[in-house]
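In the numbering used here, the protein residues as written are 5 to 135.
Laid out in structure tokens, this is it:
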């Protein structure tokens with residue numbers, strides 16, 4: 005049995021296969037995921053699991069060097085933005101238009117769908133190295 009917090013086998017597999025500069029996405033229940041991107045669907049019902057629960061879980065195992073958020077989160081969901089900033093700490097944040105984020109999902113290793121139903125609760129995590 006694993007001793008780390010990430011016990012979902014698909015999430016654990018994707019994290020273990022990531023290399024430097026690879027990305028993984030986490031997002032709300034409504035984010036459209038390209039058909040060529042692996043979707044790990046955790047959504048059970050509205051709000052379960054939350055975006056922040058999943059983000060905190062993934063951050064416990066993945067070395068992240070940069071995060072990407074939609075520019076729109078600043079105005080449309082400032083509470084979620086504050087929560088993200090708190091958990092990512094000093095990891096640099098880059099903002100992009102939401103439309104660009106949707107396009108960039110084609111280049112991610114996977115997208116983790118949560119039950120979150122608040123606007124622009126989506127993030128791309130760029131893998132760093134531990135050495």
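The beta-carbon is built from N, C-alpha and C at its ideal position, and this holds for glycine as well.
Which same chain residues, not among the five before or five after residue i, have their C-beta less than 7 Å away from its C-beta?
| i | result |
| --- | --- |
| residue 109 | 29, 37, 38, 41 and 115 |
| residue 96 | 70 |
Note down, in chain order, each residue of its chain lying with its Cβ closer than 8 Å to the Cβ of residue i, except the 5 sequence neighbours on either side.
| i | result |
| --- | --- |
| residue 130 | 25, 26, 27, 68, 69, 70, 71 and 72 |
| residue 102 | 74, 75, 76, 124 and 126 |
| residue 60 | 91 |
Looking only at its chain, what residues have a beta carbon closer than 6 Å to the beta carbon of residue i, apart from the 5 residues adjacent to it on each side?
| i | result |
| --- | --- |
| residue 31 | 126 |
| residue 92 | 71 |
| residue 133 | 24 |
What span of residues does the alpha helix (DSSP H) with residue i cover, start to end?
| i | result |
| --- | --- |
| residue 61 | 55-63 |
When you compare each of the options to residue i by their alpha carbons, which one comes out closest?
| i | options | result |
| --- | --- | --- |
| residue 145 | 53, 11, 18 and 128 | The shown model of the chain, from 5 to 135, leaves out residue 145, and the question about it has no answer. |
| residue 43 | 64, 50, 57 and 17 | 17 |
| residue 9 | 64, 118 and 20 | 64 |
| residue 55 | 87, 79 and 13 | 87 |
| residue 48 | 118, 122 and 135 | 118 |
Looking at the secondary structure, which residues open and close the beta strand (DSSP E) in which residue i lies?
| i | result |
| --- | --- |
| residue 11 | Looking at the DSSP string, residue 11 is not in any beta strand (DSSP E), and its letter there is neither H nor E. |
| residue 31 | 27-31 |
* Quick one: complete beta strand (DSSP E) runs, 3+ long, within the region 44-109? -> 68-74 and 97-100
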